[in-house]
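Notes for the one structure printed next.
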Amino acid sequence: MENVQRNTKGELLPIEEIKDMNIYEITFSPTGGTKKVADFLATELSQEIRCIDLSNGNEDFHKFSLTNEDTAIVAIPSYSGRVPSTAAERIAKIQGNGAKAVIVCVYGNRAYEDTLVELQDIAQQAGFSVIGAVVAIAEHSIAHRYATNRPDKEDYEHLRAFAEQIGNKLRRNDFSTPAIPGNRPYRKAAPTGIVPKVTKACIQCGLCASKCPVGAIDKNNPAKVNKKVCISCMRCITVCPHHARKVNGLLLAIVNMMLKKACTVRKECELYL
């Protein structure tokens, strides 16, 4: 048997070149958990990776235009069972032009509900052809006691196996869309409302303001936050080198109590092909 595959134009393509295909990694990951998953999948599939950071509020996403020869990993966290509205708006600006997409939903071990099916719709509306979907778990961005240190070794073993199956599907030129779980219409989006507060440790370095995905923090006065703009992504807490931003202790205790029942049992990664 000839050790080759064909691309979408019917041209012969060596398997070695398939391994080295360009992968666009399109990721919204304010606290880094989603990016860990996307990075791992991307490097398992290719050595040539182009990153588009949906968390960068200063980026012009209209300038990104893919082709039907490209493959993209589109990864976002689940916010109360939905795609973060900021990520949805930015994905919609990218021109998919028939590029194959593996959509990835990462959640904090509670539930992802309608996130994956909503992400499928958003990607398809942007012109992507969804050929696979992955669900993974990362440490909860607010209640860190849940899914602590995940993705872990077991998760990465699952993700490695998933990447191999995704690669095999691409090699077969099988660009079919899998059945993806979720409901249409989607569940009602939950309000955010958890706005980190500044502590006395703040030296007003401005890093939190420059890294905020939605520009909710005043660059001249980091203690000032536009609560209507803040999406409770917790990036300001993650990037602060002085640990000078925190969630109110009582509010955090309530969140932990509300999540306890749903988050106690370990959830596992899922693949849809």
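Residue 1 is where the sequence shown starts when you use the UniProt record's numbering, and the numbers rise one by one after that. Think of the CB as a built atom: it goes at the ideal place given N, C-alpha and C, for glycine as much as any other residue.
Kindly indicate the opening and closing residues of the alpha helix (DSSP H) around residue i.
| i | result |
| --- | --- |
| R235 | 235–239 |
| Y161 | The amino acid occupying residue 161 in the given sequence is Ala; Tyr does not appear at that position. Its alpha helix (DSSP H) spans residues 153–171. |
| T199 | Looking at the DSSP string, T199 is not in any alpha helix (DSSP H), and its letter there is neither H nor E. |
| A88 | 85–91 |
| S232 | Segment: none, S232 is in no alpha helix (DSSP H) and carries neither H nor E. |
With a threshold of 7 Å, establish whether the CB of residue i neighbours any heavy atom of the ligand MG.
| i | result |
| --- | --- |
| G96 | With respect to small molecules bound, the structure shown includes none, and the ligand MG cannot be examined in it. |
For residue i, write down the residues that DSSP places opposite it in a beta bridge.
| i | result |
| --- | --- |
| D53 | T27 |
| E48 | N22 |
| K246 | K197 |
| V74 | I26, I103 |
| R82 | Y79 |
| I217 | V225 |
Looking at the secondary structure, which residues open and close the beta strand (DSSP E) in which residue i lies?
| i | result |
| --- | --- |
| S129 | 129–137 |
| K100 | 100–107 |
From the DSSP output, in three-state form, read off residue i for me.
| i | result |
| --- | --- |
| L271 | strand |
| A262 | helix |
| S65 | strand |
| Q95 | strand |
To the nearest angstrom, report how far apart residue i and residue j are at their CA atoms.
| i | j | result |
| --- | --- | --- |
| S117 | K224 | According to the sequence shown, residue 117 is Val rather than Ser. About 36 Å. |
| T67 | G127 | 10 Å |
| G182 | N168 | 26 Å |
| N58 | C240 | 19 Å |
| A147 | G132 | 24 Å |
Kindly list the residues whose CB is nearer than 8 Å to the CB of residue i, restricted to its own chain and excluding five residues on each side of it in sequence; keep chain order.
| i | result |
| --- | --- |
| E164 | E44 |
CB-CB under 6 Å to residue i, same chain, minus the five flanking residues each way: which ones, in chain order?
| i | result |
| --- | --- |
| E270 | V135 |
| I137 | N109, A147, R150, K267 |
| N218 | One detail in the question is off: residue 218 reads as Asp in this sequence, not Asn. Closer than 6 Å at the Cβ level, and outside the excluded window around D218, lie K224. |
| G249 | none |
Output needed for residue i: all residues of its chain with C-beta closer than 7 Å, excluding positions within five of it in sequence on either side, in chain order.
| i | result |
| --- | --- |
| A88 | I122 |
| H243 | A201 |
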